[in-house]
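Here the structure comes first, spelled out in structure tokens, and everything after it is commentary.
Numbering (the numbering used here), first residue to last: 72 to 212.
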């Protein structure tokens with residue numbers, strides 16, 4: 072497809088690193104050069120970079136610490152939403168990005184949403200934040 076036809080959900084249409092023609096494979100396929108070195112390196116391992124609406128591309132997100140509600144659950148968070156969340160928790164200004172705090176804010180305790188200083192919270196050192204991309208592993212065809 073042409074660059075201007077890339078779906079908005081890919082967050083790539085305005086990226087200067089994307090060329091004028093864009094291709095991506097169906098889930099389970101990998102587009103690569105054909106040579107023995109590449110095949111040996113990949114073997115039957117998983118891959119990434121498929122359509123971000125696929126369940127296999129959604130992140131598995133677990134967070135614990137004073138800023139988070141205990142036992143809270145939200146709809147899946149997009150990978151691009153993790154960066155602004157971490158910046159918010161660390162009280163640093165994020166660089167331009169395609170993420171949003173809309174879903175992640177539902178996980179946060181009200182006192183942190185209302186301006187509590189995370190840096191002075193005595194439990195801040197114990198904040199743990201994990202984001203895992205669960206990739207459905209299948210052999211390359």
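Just so it is clear, CB atoms sit at the ideal spot from N, CA and C, and this is done for glycine as well. Predicted, not measured: the structure shown is a model, and the values here were computed from it.
Terminal residues of the continuous alpha helix (DSSP H) containing residue i?
i, result
"residue 133", "Where residue 133 is concerned, there is no enclosing alpha helix (DSSP H), although the beta strand (DSSP E) it sits in stretches over 130-135."
"residue 182", "181-184"
"residue 159", "153-161"
Report back the beta-carbon spacing between residue i and residue j to the nearest angstrom; my notes put them in contact at under 8 angstroms.
i, j, result
"residue 132", "residue 148", "5 angstroms"
"residue 138", "residue 183", "5 angstroms"
To which residues of the same chain is residue i closer than 8 angstroms at the C-beta, ignoring the five residues directly before and after it?
i, result
"residue 145", "174, 175, 177, 178"
"residue 69", "As shown, the chain starts at 72 and ends at 212. That puts residue 69 outside it, with no answer to give."
"residue 168", "151, 154, 155"
"residue 89", "74, 77, 83"
Excluding sequence positions up to five away, which residues of its chain have a Cβ less than 7 angstroms from the Cβ of residue i?
i, result
"residue 102", "94, 96"
Run through DSSP, which three-state label would residue i get?
i, result
"residue 93", "coil"
"residue 73", "strand"
"residue 80", "helix"
"residue 212", "Confidence at residue 212 is low in this model, with a pLDDT of 43, below 50, so the placement of that residue should be treated as unreliable; the coordinate-derived value is given next. In the structure shown, residue 212 sits in coil (DSSP, three-state: anything other than H, G, I, E or B)."
Any heavy atom of the ligand ADP closer than 7 angstroms to the Cβ of residue i?
i, result
"residue 159", "This structure simply doesn't include the ligand ADP, nor any ligand for that matter."
So, for residue i: in the same chain, excluding its five sequence neighbours on each side, which residues have a beta-carbon less than 6 angstroms away from its beta-carbon?
i, result
"residue 72", "93"
"residue 125", "98"
For chain C, check one thing: does any of its Cβ atoms lie closer than 8 angstroms to the Cβ of residue i?
i, result
"residue 176", "Chain labels in this structure do not include chain C; a single protein chain is all it has."
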